[in-house]
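Asks:
Numbering (my numbering), first residue to last: 3 to 531.
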């Protein structure tokens, strides 16, 4: 009997048909997926192709049809495996039609604690090391619930990662991703899963399809086990709990190594895939949102844009937001040192504000300027119109934001890295001090208007104490951020995960939604010269 080979599609042709749809305006969707394998096998004997069947869950309903008979098996993750077998020599065309109805505005998928426990430890790609364990502690400290922890981790991954198509054929571990901060959806998911597992929250890898806003493509996200249910989260698109309705699942695993097809050795296979919308519907209106912006501004004015939110649901929600400001022409661009995309956590029936600091451009005398400010939310868009005039008052303002704090741990030393941004309309000199155990260090940095800079402190091991503090002072104002260094406790699960990356076609225009997890503001009014 011939051996089976793990199949990373050698030739993959993807076509997609889509309307002009923005994913975050899709609450539910009816999707048509047509998958076709062109198989050439010039040898006698039985031939086989094993591929994933799309699961029926509370999030999606699936209808399957094929031109070739198949049987269905279950793998260790509960995935349906479609098994196609035949004996004829020569060319074989296998077609699978998938009709999927997806909506995440439904109860989460139930799960058992016993089953979820196997998604708690490190794997070959989801590695929980000391740096990741410490970062998880940074992000989740004082969170009100595991859902808020999931929201903070998802936002942080989206903040710090840069989408890089060159990673489609790579398989770095989460430890590598933590250092490199680059990747595609696989790497976004792996890093978030490692942070969740370090926080004691089981998480599993989800493979499927998603609409990017331009076309359909293969995609990866995750589900976290919280209070007896699997809660979805997409770190690439910055969504938690209620994902947009373009997410269609086909398989689960420990990590991407488990997402693989098998076929009989000696077969030559190419694959074509076509995905299209049949219909879609807008999200349910479950939260109130009100946008606040100044009516008039002067030259180089530093201002706040604020959205007030109210959760009308009886369960926790995470609401993705995106601030859009004028960027063209360059001389009229509005600068933003804050992350434009946020993921706002709201408890059941809770409310809260999300603010962005912006700086308007230099304005010429004798002209009136009109700036359109837009905030896009899940199923909502809001606009405000700001008038600019050079003669209006614009006090000089130093505004420093701590966008991020993290640790990178190596042999014999621990680095604490603070990312500072100047969101004011004046240059700012900041004194930055870090202490860890009995060691302390201090640096002074000058941040130009709009500049972002990493400030790095290196401490020697062993530590007398794992507690530390970062303090930032600008003029007479200061803030501090305590932190703790944590050692990883999770062991490595030895799994048989020899495979290839299922996802061989990069998403075009894949977005990344982000939220500031640690945002502190320093304001100091300087004298106008």
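Ideal Cβ placement from N, Cα and C applies to all residues, glycine included.
Using C-beta distances below 6 Å, list every residue in its chain close to residue 376, excluding the 5 sequence neighbours before and after it, in chain order.
Replies: Numbered from its first residue, the chain shown carries residue 376 at position 374. 326, 385, listed in sequence order.
Asks: Taking 7 Å as the cut-off, decide whether the C-beta atoms of residue 323 and residue 356 are in contact.
Replies: Taking the chain shown and counting its residues from 1, one reaches residue 323 at position 321. Taking the chain shown and counting its residues from 1, one reaches residue 356 at position 354. For residue 323 and residue 356, yes; Cβs fall inside 7 Å.
Asks: Just to confirm the assignment, what range does the alpha helix (DSSP H) spanning residue 467 have?
Replies: In the chain shown, counting from the first residue as 1, residue 467 sits at position 465. Here residue 467 belongs to no alpha helix (DSSP H), and DSSP marks it neither H nor E.
Asks: What span of residues does the beta strand (DSSP E) with residue 432 cover, start to end?
Replies: Indexing the chain shown from 1 puts residue 432 at position 430. First-last of the beta strand (DSSP E) with residue 432: 430-438.
Asks: Where does the unbroken beta strand (DSSP E) through residue 372 begin, and where does it stop?
Replies: Locating residue 372 in the chain shown gives position 370, where the first residue counts as 1. Counting along the chain, the beta strand (DSSP E) containing residue 372 begins and ends at 370-379.
Asks: So the alpha helix (DSSP H) residue 163 belongs to, where does it begin and stop?
Replies: The residue labelled residue 163 in the question sits at position 161 within the chain shown. Run containing residue 163: none; DSSP gives neither H nor E here.
Asks: Under DSSP, the beta strand (DSSP E) around residue 101 begins and ends at which residues?
Replies: Position 99 of the chain shown holds residue 101. 92-105 is the span of the beta strand (DSSP E), which, as asked, contains residue 101.
Asks: Answer yes or no: does any C-beta atom of chain C fall closer than 7 Å to that of residue 39?
Replies: The displayed structure is made up of one protein chain only, and chain C is not part of it.
Asks: Measuring alpha carbon to alpha carbon, tell me which of 301, 163, 291, 428 ends up nearest residue 346.
Replies: The residue labelled residue 346 in the question sits at position 344 within the chain shown. The shortest Cα separation from residue 346 among 301, 163, 291, 428 belongs to 291.
Asks: With DSSP collapsed to three states, give me the class of residue 427.
Replies: Counting from one through the chain shown, the residue named residue 427 turns up at place 425. If DSSP states are grouped into helix, strand and coil, residue 427 belongs with coil.
Asks: Just to check my reading of the structure: residue 27 and residue 381 have Cβ atoms closer than 8 Å, yes? What is that Cβ distance to the nearest angstrom?
Replies: Taking the first residue of the chain shown as position 1, residue 27 is located at position 25. Taking the first residue of the chain shown as position 1, residue 381 is located at position 379. The Cβ separation is near 6 Å, so the contact holds.
Asks: Excluding five sequence neighbours on each side, which residues of the same chain lie with their C-beta closer than 8 Å to the C-beta of residue 199?
Replies: The residue you call residue 199 lines up with position 197 of the chain shown. So the list reads 121, 122, 123, 124, 128, 130, 205, 492, once near-sequence residues are dropped.
Asks: Can you tell me whether residue 416 is buried or exposed, with buried defined as 16 or more other CB within 10 angstroms of its CB?
Replies: Locating residue 416 in the chain shown gives position 414, where the first residue counts as 1. So residue 416 counts as buried.
Asks: Determine which residues share a DSSP beta bridge with residue 221 and list them.
Replies: Numbered from 1 along the chain shown, position 219 holds the residue referred to as residue 221. Residue 221 pairs with 210.
Asks: Taking 7 Å as the cut-off, decide whether the C-beta atoms of residue 224 and residue 195 are in contact.
Replies: Within the chain shown, residue 224 is the residue found at index 222, counting from 1. Within the chain shown, residue 195 is the residue found at index 193, counting from 1. Cβ distance < 7 Å, so residue 224 and residue 195 count as in contact.
Asks: On the DSSP letters alone, give me the boundaries of the alpha helix (DSSP H) that residue 134 sits inside.
Replies: What you label residue 134 is simply residue 132 of the chain shown in a count that begins at 1. First-last of the alpha helix (DSSP H) with residue 134: 132-142.
Asks: Should residue 110 be labelled buried (16 or more other beta-carbon atoms within 10 Å of its own) or exposed?
Replies: For the purposes of this step, residue 110 is identified with residue 108 of the chain shown, where counting begins at 1. So residue 110 counts as buried.
Asks: Only counting the same chain, and skipping five residues up and downstream in sequence, which positions put a Cβ closer than 6 Å to that of residue 98?
Replies: For the purposes of this step, residue 98 is taken as residue 96 along the chain shown, with counting starting at 1. Cβ within range, chain order: 37, 68.
Asks: Where residue 33 and residue 104 are concerned, what is the direct C-alpha to C-alpha distance, given to the nearest angstrom?
Replies: Start at 1 with the first residue of the chain shown, and residue 33 comes out as number 31. Start at 1 with the first residue of the chain shown, and residue 104 comes out as number 102. Rounded to whole angstroms, residue 33 to residue 104 spans 8 Å at the Cα level.
Asks: Once DSSP output is grouped into helix, strand and coil, what is the label at residue 25?
Replies: The residue you call residue 25 lines up with position 23 of the chain shown. The answer is helix: DSSP assigns residue 25 an H, G or I state.
Asks: Helix, strand or coil: how does DSSP classify residue 329 here?
Replies: On the chain shown, residue 329 is found 327 positions in, with the first residue counted as 1. It is coil, neither helix nor strand.
Asks: Within 10 Å of its beta-carbon, does residue 404 have 16 or more other beta-carbons around it, so buried, or fewer, so exposed?
Replies: Here residue 404 refers to the residue found at position 402 of the chain shown. The residue in question, residue 404, is buried, as its Cβ has 16 or more Cβ neighbours within 10 Å.
Asks: Quick one: using the 10 Å Cβ neighbour count with 16 as the cut-off for buried, is residue 65 buried or exposed?
Replies: As a first step, residue 65 must be located in the chain shown, where it is residue number 63. Counting Cβ neighbours within 10 Å, residue 65 comes out exposed, since fewer than 16 surround it.
Asks: Tell whether a beta-carbon distance below 7 Å holds between residue 359 and residue 340.
Replies: Within the chain shown, numbered from 1, the residue matching residue 359 stands at position 357. Within the chain shown, numbered from 1, the residue matching residue 340 stands at position 338. Their beta carbons are under 7 Å apart, which means residue 359 touches residue 340 by this criterion.
Asks: The alpha helix (DSSP H) spanning residue 172 covers which residue range?
Replies: Taking the first residue of the chain shown as position 1, residue 172 is located at position 170. Here residue 172 belongs to no alpha helix (DSSP H), and DSSP marks it neither H nor E.
Asks: Is it the case that the Cβ atoms of residue 230 and residue 31 are separated by a distance below 7 Å?
Replies: Mapped onto the chain shown, residue 230 falls at position 228. Mapped onto the chain shown, residue 31 falls at position 29. Not a contact, by the Cβ cut-off of 7 Å.
Asks: What's the gap between the Cα of residue 426 and the Cα of residue 401?
Replies: For the purposes of this step, residue 426 is taken as the residue at position 424 of the chain shown. For the purposes of this step, residue 401 is taken as the residue at position 399 of the chain shown. Whole-angstrom Cα-Cα distance: 4 Å.
Asks: So is residue 190 buried or exposed if we call it buried at 16+ other beta carbons inside 10 Å?
Replies: Here residue 190 is taken as the residue at index 188 of the chain shown, counted from 1. Result: buried.
Asks: Residue 508 by DSSP, collapsed to three states: which one?
Replies: The sequence position of residue 508 within the chain shown is 506, counting from 1. With a pLDDT of 21 at residue 508, under the threshold of 50, the modelled position of that residue is not reliable, and the figure given next carries that caveat. Note: residue 508 maps to coil in three-state DSSP.
Asks: Distance, Cα to Cα, residue 95 vs residue 40?
Replies: For this step, residue 95 is matched to residue 93 along the chain shown. For this step, residue 40 is matched to residue 38 along the chain shown. Near 5 Å, if we compare the C-alpha coordinates of residue 40 and residue 95.
Asks: Per DSSP, residue 68 is paired with what?
Replies: Translated into the one-based positions of the chain shown, residue 68 becomes position 66. 98, per the DSSP bridge assignment.
Asks: Rounded to whole angstroms, how far is the Cβ of residue 107 from the Cβ of residue 285, which I believe are closer than 8 Å?
Replies: Indexing the chain shown from 1 puts residue 107 at position 105. Indexing the chain shown from 1 puts residue 285 at position 283. With 8 Å as the limit, residue 107 and residue 285 qualify as a contact, their Cβ atoms being about 7 Å apart.
Asks: Is it right to say residue 91 is buried, meaning 16 or more other beta carbons lie within 10 angstroms of its own, or is it exposed?
Replies: The residue given as residue 91 occupies position 89 in the chain shown. The residue in question, residue 91, is exposed, as its Cβ has fewer than 16 Cβ neighbours within 10 Å.
Asks: Could you check where the beta strand (DSSP E) with residue 315 kicks off and where it finishes?
Replies: Your numbering for residue 315 matches position 313 in the chain shown. No beta strand (DSSP E) contains residue 315, which DSSP labels as neither H nor E.
Asks: Look at the alpha carbon of residue 142 and the alpha carbon of residue 489, and state the distance between them as a whole number of angstroms.
Replies: Locating residue 142 in the chain shown gives position 140, counting from the first residue. Locating residue 489 in the chain shown gives position 487, counting from the first residue. Roughly 15 Å between the two C-alpha positions.
Asks: What span of residues does the beta strand (DSSP E) with residue 290 cover, start to end?
Replies: For the purposes of this step, residue 290 is taken as the residue at position 288 of the chain shown. Residues 289-294.
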